[in-house]
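Single-structure report; data block below.
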Amino acid sequence: MTRIHAGSRTIRMPERPRESLWPTLGPPLEPPYELSDDLPERILRGARGTRLRNLHPYRIQNRYDRAVAPREIRTIVIENDRLRAEFLPELGGRLWSLRDLERGVDLLHSPDEIVFANLALRNAWFAGGIEFNIGTRGHAAHTCEDLHVGLVAAEDGTESLRLWGYERVHGLVFQVDVSLPPEAAALVVKVRVRNPNPGARPLYWWSNAAVPQEPRSRVLSFDRRAFATAYDGGITSTEIDSHHGVDCSWPARCPHASDFFIDGAGGGEPWIIAVDERGDGLLMASDSALPGRKLFCWGSTGGSRWWQDRLTPSGARYAEIQAGVTTTQFEARELPAHAVYEWTEVYGNPRLGPQDPEAEWVRASTAAGAAVRTSVREARAADVSGDAVRELPVASVLHTGTGWGALAAMLDPAVSDDRTPFPSSDLGRQQDAWACIATGSPPPEHVRAGAGDVSGRTWEAALDSVLANGEDAWLLARAGGIRHARGDLDAAESAYRRALELATEPAAQRGLGLLLEERGEDGTEYLRAAAEAEPSDPEVVGELASALIVKGRHGDARTAIESFPSTATDPRIRVLLVRALLAGGQPADLIAARRELERGIDVVDLREGEVLFPALWSQVSDEPLPSQYDTQLA
Numbered sequence: 259m260t261r262i263h264a265g266s267r268t269i270r271m272p273e274r275p276r277e278s279l280w281p282t283l284g285p286p287l288e289p290p291y292e293l294s295d296d297l298p299e300r301i302l303r304g305a306r307g308t309r310l311r312n313l314h315p316y317r318i319q320n321r322y323d324r325a326v327a328p329r330e331i332r333t334i335v336i337e338n339d340r341l342r343a344e345f346l347p348e349l350g351g352r353l354w355s356l357r358d359l360e361r362g363v364d365l366l367h368s369p370d371e372i373v374f375a376n377l378a379l380r381n382a383w384f385a386g387g388i389e390f391n392i393g394t395r396g397h398a399a400h401t402c403e404d405l406h407v408g409l410v411a412a413e414d415g416t417e418s419l420r421l422w423g424y425e426r427v428h429g430l431v432f433q434v435d436v437s438l439p440p441e442a443a444a445l446v447v448k449v450r451v452r453n454p455n456p457g458a459r460p461l462y463w464w465s466n467a468a469v470p471q472e473p474r475s476r477v478l479s480f481d482r483r484a485f486a487t488a489y490d491g492g493i494t495s496t497e498i499d500s501h502h503g504v505d506c507s508w509p510a511r512c513p514h515a516s517d518f519f520i521d522g523a524g525g526g527e528p529w530i531i532a533v534d535e536r537g538d539g540l541l542m543a544s545d546s547a548l549p550g551r552k553l554f555c556w557g558s559t560g561g562s563r564w565w566q567d568r569l570t571p572s573g574a575r576y577a578e579i580q581a582g583v584t585t586t587q588f589e590a591r592e593l594p595a596h597a598v599y600e601w602t603e604v605y606g607n608p609r610l611g612p613q614d615p616e617a618e619w620v621r622a623s624t625a626a627g628a629a630v631r632t633s634v635r636e637a638r639a640a641d642v643s644g645d646a647v648r649e650l651p652v653a654s655v656l657h658t659g660t661g662w663g664a665l666a667a668m669l670d671p672a673v674s675d676d677r678t679p680f681p682s683s684d685l686g687r688q689q690d691a692w693a694c695i696a697t698g699s700p701p702p703e704h705v706r707a708g709a710g711d712v713s714g715r716t717w718e719a720a721l722d723s724v725l726a727n728g729e730d731a732w733l734l735a736r737a738g739g740i741r742h743a744r745g746d747l748d749a750a751e752s753a754y755r756r757a758l759e760l761a762t763e764p765a766a767q768r769g770l771g772l773l774l775e776e777r778g779e780d781g782t783e784y785l786r787a788a789a790e791a792e793p794s795d796p797e798v799v800g801e802l803a804s805a806l807i808v809k810g811r812h813g814d815a816r817t818a819i820e821s822f823p824s825t826a827t828d829p830r831i832r833v834l835l836v837r838a839l840l841a842g843g844q845p846a847d848l849i850a851a852r853r854e855l856e857r858g859i860d861v862v863d864l865r866e867g868e869v870l871f872p873a874l875w876s877q878v879s880d881e882p883l884p885s886q887y888d889t890q891l892a
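Residues in the sequence shown are numbered from 259 upward in steps of one, following this note's numbering.
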């Protein structure tokens, strides 16, 4: 029989990441990219208009460390006698473990230690399991926060698991129904994304699975043609089994970190598998509504090893196989107003049997395809509830997610329904101030300190309505932030300046400082004031020092850093100090810069693909780059 139960497990990990103290006003953390004109028009068309100005209203999750300790974390398990799936509702609903009980095989890379690193849209991310990414290119904004999880029950008593949430950039509601019939050997996952808005929205979705990488692990799919990207910002057409003369369907052979987006232009039901030499591994199949497939290989450079060791300290290696609503992750589909988009995925062990390490790709994938089709057919036949499960209401809640869906439903009741409920009881400290504004009242002082951020014209109108009954520096700073985030700099500047005429408001000081810097003007006076209001926060101190360095005011940058001693040991502040010292150019400065680098600087939230240290080291030493600084993936 199928069993669903909530519990917990102990895992070594740091404390969960905390949010920035400040609104997100800078550009996205994902690096820029260029698409060449020789790519198919279908890809170029899908990529138009997908770049975001920023990730507002989400706040960056940049407050975490590497202090791991045994910690108890909630789990929700769905299992039968053949397969066991374990989800982590406190960490974005990650499908953390998928185990073939009959063969005693773990189908996913699930490290024995969780380490947070700067790879997600909001910074904090961790390797392992299967994640469901929605919003825009990158690991989803909900990666490290609570997600709603509940039970749904059919009339015959059959129970399924439902995960649901509210994506805040585009205002989309998503639900993930997970079924495991009593005799099934595979999970059937039905996804629905709903647009409750009066206008069309871009839809981005990629299901991302981390799979064990052994020397003879192989990835096969329904098409050998692919579009390959590296960490140089480009994308080229290739064949996965002969990319620059290397058969990268064996991830361990791939020399550099690379993405391979399977072309799939020939049609057919899409699938991708990752298997070991015994033929065990992960099957990721779907109907044609989820056509995209991708293989990610870390490569074998020094930077590749650095990142894998950082994310999985045990030394285990992994690759990723993924499935998306478009051919590449540079694209998005259009989801019309009040429309839904649905698809079905299947996850299980393909059980191919022993693999021939000499088998060429076409022969191996043809044989695998036949096994995949059999597995998918059996999984769908066992899933007697079918698509009807999508329409079932949530019968009971197993875990409560964030309150942002409930807040959105205050202004637009269509956001919440019995399939994806966001009741007012979900509202919490981050939403309380905005709940007051939604009802036309200024929030009392005691709820303001914990407030998060909102975005959109509807919220602007609600905020303006409250301000019309009396100006307030805190409210004006938020009005400025919303307009700043969407690029209306003149209106934002007006709101910020009016807020500062009324009171000393740190959010207005920082916002105005960043706004002036964005325009090419001098905003350091305001950034300094914001830093003085939060002198122990390295983020705003770093923004001040960075602005001074960009202006060539290296001495002022050093003075600014020294003015905030409580942030002096922060790794990113130390990097800024090295930059300022090197720019000074004096022999004593170079010696001091080298001394800092030789002491070792471990930037906990170093961004994937970010190259900080090679250029700094080359200015102070002719010796080889220390391995601790060899993080470059390109």
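In this text, a Cβ means the ideal position worked out from N, Cα and C, and glycines have one as well.
Query: At least 3 beta-carbon pairs within less than 8 Å: the region 540 to 549 vs the region 588 to 597; Result: no
Query: H314, DSSP secondary structure in three states; Result: coil
Query: Any C-beta of chain E under 9 Å from that of R777; Result: Structure shown: chain E not included; a single protein chain is present.
Query: Beta-carbon proximity of L785 to V833, cut-off 9 Å; Result: no
Query: For S885 and K809, the rounded distance between their alpha carbons; Result: 32 Å
Query: Rounded separation between N466 and S804 - CA only; Result: 35 Å
Query: Extent of the continuous beta strand (DSSP E) to which T632 belongs; Result: Counting along the chain, T632 falls outside any beta strand (DSSP E), though it belongs to the alpha helix (DSSP H) covering W619 to A640.
Query: Per-residue burial, H742 [other beta carbons within 10 Å of its own, 16 or more giving buried]; Result: buried
Query: W508, DSSP secondary structure in three states; Result: coil
Query: Unbroken alpha helix (DSSP H) run spanning P872, endpoints; Result: F871 to S876
Query: Cβ-based neighbour list, S355, same chain, cut-off 8 Å, excluding 5 preceding and 5 following; Result: R342, A343, E344, D364, L366, S368 and G387
Query: Inter-residue Cα distance where the pair is I807 and A841; Result: 8 Å
Query: Beta-carbon spacing of G698, S723 below 9 Å; Result: yes
Query: Span of the alpha helix (DSSP H) around A666; Result: W662 to L669
Query: Cβ contact check for the region 851 to 864 and the region 477 to 496: 3 or more pairs under 8 Å; Result: no
Query: The region 394 to 402 in contact with the region 418 to 438 per 3-pair CB rule at 8 Å; Result: yes
Query: Own chain, CB closer than 6 Å to E600, minus 5 neighbours either side, in chain order; Result: R450
Query: For L685 and A664, believed in contact at Cβ under 8 Å, the rounded distance; Result: 5 Å
Query: 8 Å Cβ shell around A581 - same chain, five flanking residues per side excluded; Result: W464, S465, P528, I530, M542, S544, L548, G550, R551, K552 and E603
Query: Identified DSSP bridge partners for L445; Result: Y605
Query: DSSP-derived helix/strand/coil call for C402; Result: coil
Query: Environment of P858 [buried if 16+ CB atoms lie within 10 Å]; Result: A small fix is needed here, since residue 858 is Gly in this sequence, not Pro. G858 should be labelled exposed.
Query: Alpha carbon of R648 to alpha carbon of E636, nearest angstrom; Result: 20 Å
Query: Range of the contiguous alpha helix (DSSP H) that encloses D521; Result: Run containing D521: none; DSSP gives neither H nor E here.
Query: M271 classed as buried or exposed, judged by whether at least 16 other C-beta atoms fall within 10 angstroms; Result: buried
Query: Coil, strand or helix - I493 by DSSP; Result: strand
Query: Cα-Cα separation, I336 to L419; Result: 8 Å
Query: Proximity to D370 [Cα-Cα], best of R329, G738, G561 and E820; Result: R329
Query: Distance between T586 and I301 (C-alpha atoms, nearest Å); Result: 7 Å
Query: Pair within 9 Å by beta-carbon distance, A749 and G738; Result: yes
Query: Contact between the region 614 to 624 and the region 468 to 484 (3+ Cβ pairs under 8 Å); Result: yes
Query: Simplified DSSP assignment, three categories, for L553; Result: strand
Query: Neighbourhood of P612 by C-beta distance below 8 Å, restricted to the same chain and skipping five residues each side; Result: E535, R536 and G537
Query: 8 Å Cβ shell around F518 - same chain, five flanking residues per side excluded; Result: A484, F485, A486, T496, I498, H501, C506, K552, L553, F554 and C555
Query: Among Q877, F871, A707 and S821, nearest to A848 - alpha-carbon criterion; Result: The amino acid at residue 848 is misidentified as Ala; the sequence shows Leu. The shortest Cα separation from L848 among Q877, F871, A707 and S821 belongs to Q877.
Query: Nearest candidate by alpha-carbon position, reference I493, set L297, L346, R317 and V634; Result: L297
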